[in-house]
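S.K.: The following block contains the structure, expressed as structure tokens.
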Amino acid sequence: MGEKDDVNKLMQEIEGKKILSLSDESLLKSLFATYKYAKDENFLRENLNNMLQFYVKNNELFAFLQQILIYLFSQSDIKSVVMNDILKHISSPIKSTAMTTYAQIIQEGIQEGIIKGKIEGKLEGKIIVTGK
Numbered sequence: 000m001g002e003k004d005d006v007n008k009l010m011q012e013i014e015g016k017k018i019l020s021l022s023d024e025s026l027l028k029s030l031f032a033t034y035k036y037a038k039d040e041n042f043l044r045e046n047l048n049n050m051l052q053f054y055v056k057n058n059e060l061f062a063f064l065q066q067i068l069i070y071l072f073s074q075s076d077i078k079s080v081v082m083n084d085i086l087k088h089i090s091s092p093i094k095s096t097a098m099t100t101y102a103q104i105i106q107e108g109i110q111e112g113i114i115k116g117k118i119e120g121k122l123e124g125k126i127i128v129t130g131k
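So, in structure tokens, the structure goes:
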């Protein structure tokens with residue numbers, strides 16, 4: 000069993016209430032909760048603010064907050080409208096960072112989609128014109 004399997008097994012065994020009971024001074028709280036609940040809309044809606052309190056008290060780690068948020072957004076299957084609603088309800092010091100990071104990820108996704116569409120369009124056009 001590899002290290003990743005060990006972490007996955009451990010995360011399955013730990014309940015959300017135990018994770019959230021960790022001190023706001025604990026970086027582990029945000030790491031564990033983000034890793035375990037990135038796809039859980041209800042958990043995030045109820046607990047995202049609590050999960051991220053560590054960064055309110057540790058401004059110097061706001062860059063790390065962005066990385067946590069990027070992981071959360073990239074792993075989540077939550078629809079954009081719902082995620083925006085969840086983000087609107089987190090506390091102010093974190094809110095602008097979260098909203099800005101999410102907007103940047105959405106914009107990058109749109110740009111990647113446009114580029115991919117152009118490439119596919121060119122390939123399709125080439126196939127039609129040349130028959131290859």
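Once you know that position 27 of the sequence shown is 26 in numbering that gives the first Met the number 0, the rest is easy, because the numbers rise by one and skip nothing.
We put the CB at the ideal spot given by N, CA and C, even for glycine.
Note that the structure is a prediction, hence the values are computed from the model and not measured.
Pick helix, strand or coil for L86, following the three-state DSSP scheme.
M.R.: helix
S.K.: Provide the residue span of the alpha helix (DSSP H) that contains E40, from first to last.
M.R.: In the DSSP annotation of this structure, the continuous segment of the alpha helix (DSSP H) that includes E40 starts and ends at 40-50.
S.K.: Rounded to a whole number of angstroms, what is the C-alpha to C-alpha distance between I89 and E107?
M.R.: 23 Å
S.K.: If I follow the unbroken alpha helix (DSSP H) through K28, where does it start and stop?
M.R.: 26-36
S.K.: Could you tell me the distance, in whole angstroms, from the CA atom of N48 to the CA atom of A97?
M.R.: Approximately 11 Å between the Cα atoms of the pair.
S.K.: Nearest-angstrom Cα distance between T33 and K17?
M.R.: A straight-line Cα-Cα distance of about 14 Å links T33 and K17.
S.K.: Is V81 close to chain C? Criterion is C-beta to C-beta, closer than 9 Å.
M.R.: Although the question refers to chain C, the structure presented lacks it and comprises just one protein chain.
S.K.: Just checking, does the segment 78-85 make contact with the segment 51-60 on the three C-beta pairs under 8 Å criterion?
M.R.: no
S.K.: Using 8 Å as the threshold, is the segment 61-79 in touch with the segment 37-48, meaning 3 or more CB pairs across them?
M.R.: A contact is defined here as three or more CB-CB pairs under 8 Å, and the segment 61-79 meets this definition with respect to the segment 37-48.
S.K.: For S91, tell me which candidate among N58, L21, I67 has the shortest Cα-Cα distance.
M.R.: When only C-alpha atoms are compared, the closest one is N58.
S.K.: Can you grab the Cα-Cα spacing for the pair G1 / E12, in whole Å?
M.R.: 17 Å
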